[in-house]
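S.K.: Could you have a look at this structure, given as structure tokens, before my questions?
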Amino acid sequence: MSQQHSTVELVGDETVKQFTMAVLLAALTAALSQVSIPLPGTLPPFSLQPFGMFFAGLLLGPVWGGLALGLFLLVGIAGLPVFSNGNAGLGYVLVGQGTGGFLVGFLVGAIVAGAIVHRGVEPRDLSSVSVPVQVAGLFAAVVVVYAIGVPWLSAVTGLPLPRAAVVMAPYVPLDLLKLGIAVAIVEGGYLARR
Amino acid sequence: MLSYRPGETVGHRLDPRSKLLVQFGLAIAVVAYPTVSGLAGATLVGLFALASARLSPLAVLRSYRTVFLVLAFAPLLAGLALGPPWFRVDPALRSLRLVARVVPVLFVSAAYLTTTPVRETRAAVQRLVPGKAGQLLGVGMALVVRLFPVVLGDVREVRDAIRARGGDRRRPWTRARVLTVQSLARTLDRSDGLAVALRARCFAWNPTLPRLAFGRLDYPVLALGVALTLSPVLTLV
Numbered sequence: 004m005s006q007q008h009s010t011v012e013l014v015g016d017e018t019v020k021q022f023t024m025a026v027l028l029a030a031l032t033a034a035l036s037q038v039s040i041p042l043p044g045t046l047p048p049f050s051l052q053p054f055g056m057f058f059a060g061l062l063l064g065p066v067w068g069g070l071a072l073g074l075f076l077l078v079g080i081a082g083l084p085v086f087s088n089g090n091a092g093l094g095y096v097l098v099g100q101g102t103g104g105f106l107v108g109f110l111v112g113a114i115v116a117g118a119i120v121h122r123g124v125e126p127r128d129l130s131s132v133s134v135p136v137q138v139a140g141l142f143a144a145v146v147v148v149y150a151i152g153v154p155w156l157s158a159v160t161g162l163p164l165p166r167a168a169v170v171m172a173p174y175v176p177l178d179l180l181k182l183g184i185a186v187a188i189v190e191g192g193y194l195a196r197r
Numbered sequence: 157m158l159s160y161r162p163g164e165t166v167g168h169r170l171d172p173r174s175k176l177l178v179q180f181g182l183a184i185a186v187v188a189y190p191t192v193s194g195l196a197g198a199t200l201v202g203l204f205a206l207a208s209a210r211l212s213p214l215a216v217l218r219s220y221r222t223v224f225l226v227l228a229f230a231p232l233l234a235g236l237a238l239g240p241p242w243f244r245v246d247p248a249l250r251s252l253r254l255v256a257r258v259v260p261v262l263f264v265s266a267a268y269l270t271t272t273p274v275r276e277t278r279a280a281v282q283r284l285v286p287g288k289a290g291q292l293l294g295v296g297m298a299l300v301v302r303l304f305p306v307v308l309g310d311v312r313e314v315r316d317a318i319r320a321r322g323g324d325r326r327r328p329w330t331r332a333r334v335l336t337v338q339s340l341a342r343t344l345d346r347s348d349g350l351a352v353a354l355r356a357r358c359f360a361w362n363p364t365l366p367r368l369a370f371g372r373l374d375y376p377v378l379a380l381g382v383a384l385t386l387s388p389v390l391t392l393v
């Protein structure tokens, strides 16, 4: 084992705070990927995975929110079964069930949502962000996820683009509902002490 | 599920950086050459990777059966037409050929997963990404690996508590809201605790890195990874 004997350079308190939140939100995104709520009829199950992206963007801004989703992808690539149905590996991120683009989309979506909501690199107090701005940020994130995910699905499976869009269409209203729930959680004051 | 198994195979002896490069390169190559011969070459690389990890292709196919089942629908869906003849063979075959590319990529990925402990991938990431970003990614990965089961336990506990109180009878979005709020609250509490613990332990930018070194076996594998990654350039020549 190699040793380094240079002076210890401590990480600043504010950085530690943002970093630990990014770590825990990465773990939460992974945990929420394993849990879904069944819906009646032939509707797809209500996956809680996008909440990880939403809260990473809302609470941490583009840089630290991006780090949270980046860590989620990296531990999955390293072999931890964090993707839906306990899948893992670089192969799953790149191709998956054709759904790899959605995983990459979550990372870009968190960055976009964070940039819109916080209007800069440093996260600002959420109570000073109006509801329309929060909605715009999260909506842009959803658009980004589909803009990356649908063409990726089409490229991996060979489905024509419109048909790939039709396959994913039932998930759109559910994602918009999740967007509403995320904003309601912020506005309900559940994150007020942050 | 596929996960790391200790062993002494060729795959185990390789550096994670060379193995990651081959996976990445193969994914690029199969996109660049979606032909029958390209597919055959990629499958050969995939089978080689499995052999180097002494992993049976059938075991891998079994592990990824859900993935393959879902993918199998794509050619059927691509072939369906809204009028006579109702099913067209050409688009279905094209889709089948594209879906078949997934198999070698997952083979190589499976070989990586079973031969590489998470701490080696972490060390590779920390070396590949320079500076403070690499440090944060490396330490962050180690912490997420440690905390994922804890947070998953929290989320399941909250879900069970909701069920125990008859929450199953509430509307799905109400359940989603309660589950998310409670899980998030616990996660943020854990984040506060972790921040205090890291500060108490003098969390520094320059900790001692895990050892990682290329061996003789790594050089041909690295060369293969580079060749695969650059293969799309050959199509331009």
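Chains as they are written, first to last, in the numbering used here: chain A, 4 to 197; chain B, 157 to 393.
Think of the CB as a built atom: it goes at the ideal place given N, C-alpha and C, for glycine as much as any other residue.
Considering only their Cβ atoms, is the gap separating L74(A) from M297(B) smaller than 8 Å?
M.R.: yes
S.K.: To the nearest whole angstrom, what separates the beta carbons of L195(B) and R257(B), a pair I think is in contact under 8 Å?
M.R.: With a beta-carbon spacing of about 6 Å, L195(B) and R257(B) fall inside the 8 Å limit used to define contacts.
S.K.: Under three-state DSSP, which class holds F54(A)?
M.R.: F54(A): helix per DSSP, three-state reduction.
S.K.: Should V255(B) and T160(A) be called a contact, given that it needs their Cβ atoms to be closer than 8 Å?
M.R.: yes
S.K.: Note down, in chain order, all residues in the segment 20-40 of chain A with a beta-carbon under 8 Å from any beta-carbon belonging to chain B.
M.R.: K20, F22, T23, M24, A25, V26, L27, L28, A29, A30, L31, A33, A34, L35, Q37, V38, I40
S.K.: Any beta-carbon of chain B closer than 8 Å to the one on I119(A)?
M.R.: no
S.K.: Quick check on V98(A) - is its C-beta less than 8 Å from some C-beta in chain B?
M.R.: yes
S.K.: What is the DSSP secondary structure of F49(A), reduced to helix, strand or coil?
M.R.: Correct three-state label for F49(A): strand.
S.K.: Thinking C-beta only, is G69(A) closer than 8 Å to G108(A)?
M.R.: no
S.K.: What span of residues does the alpha helix (DSSP H) with Q179(B) cover, start to end?
M.R.: 172-188
S.K.: Locate the alpha helix (DSSP H) running through T32(A), then write down its first and last residues.
M.R.: Start and end: 16-36.
S.K.: Find the nearest neighbour of V226(B) within the set P84(A), T102(A), R122(A), M24(A), judged by alpha-carbon distance.
M.R.: For V226(B), the nearest C-alpha among the options comes from T102(A).
S.K.: With burial defined as no fewer than 16 other Cβ atoms inside 10 Å of the residue's Cβ, what is the status of V120(A): buried or exposed?
M.R.: The residue is buried, with at least 16 neighbouring Cβ atoms inside 10 Å.
S.K.: With three or more beta-carbon pairs closer than 8 Å as the criterion, would you say the segment 55-65 of chain A touches the segment 276-291 of chain B?
M.R.: no
S.K.: Report back the beta-carbon spacing between A198(B) and P260(B) to the nearest angstrom; my notes put them in contact at under 8 Å.
M.R.: 4 Å
S.K.: Would you be able to state if there are at least three C-beta pairs under 8 Å between the segment 201-220 of chain B and the segment 113-132 of chain A?
M.R.: Output reads no: the segment 201-220 of chain B does not touch the segment 113-132 of chain A.
S.K.: Please report how far the alpha carbon of V85(A) lies from the alpha carbon of L27(A), in whole angstroms.
M.R.: 14 Å
S.K.: Return the bridge partner residues of L227(B) from the DSSP annotation.
M.R.: In DSSP, L227(B) forms no bridge with anything.
S.K.: Mind checking whether A237(B) and F243(B) have CB atoms under 8 Å apart?
M.R.: Judged by their CB atoms, A237(B) and F243(B) are nearer to each other than the 8 Å cut-off.
S.K.: Could you tell me which chain B residues have their CB closer than 7 Å to the CB of D16(A), listed as they occur along the chain?
M.R.: R355
S.K.: Using a Cβ-Cβ cut-off of 7 Å (strictly less than) and excluding sequence neighbours within five positions of Y268(B), which residues of its own chain qualify?
M.R.: Leaving aside the five residues that flank Y268(B) on each side, the residues in its chain whose CB is nearer than 7 Å to its CB run, in chain order, K175, Q179.
S.K.: Can you pull the chain A neighbours of T191(B), defined as C-beta to C-beta under 8 Å?
M.R.: Result: empty, since nearest Cβ-Cβ is about 13 Å, beyond 8 Å.
S.K.: Kindly give me the distance between the Cβ atoms of P172(B) and T270(B), rounded to whole angstroms, as I take these residues to be in contact under 8 Å.
M.R.: The Cβ separation is near 13 Å, so there is no contact.
S.K.: If distances are taken between C-alpha atoms only, which option among V134(A), A139(A), V138(A), A167(A) comes closest to A150(A)?
M.R.: A167(A)
S.K.: Please return the same chain residues whose Cβ sits closer than 7 Å to the Cβ of W155(A), not counting the five positions on each side in sequence.
M.R.: G103, G104
S.K.: Expressed to the nearest angstrom, what Euclidean distance is found between the alpha-carbon atoms of F54(A) and T32(A)?
M.R.: Separation of F54(A) and T32(A) (C-alpha to C-alpha, rounded to the nearest whole angstrom) is 7 Å.
S.K.: What do you get for D178(A), buried or exposed, if any count of 16 or more other CB atoms within 10 angstroms of its CB means buried?
M.R.: Per the 10 Å Cβ criterion, buried.
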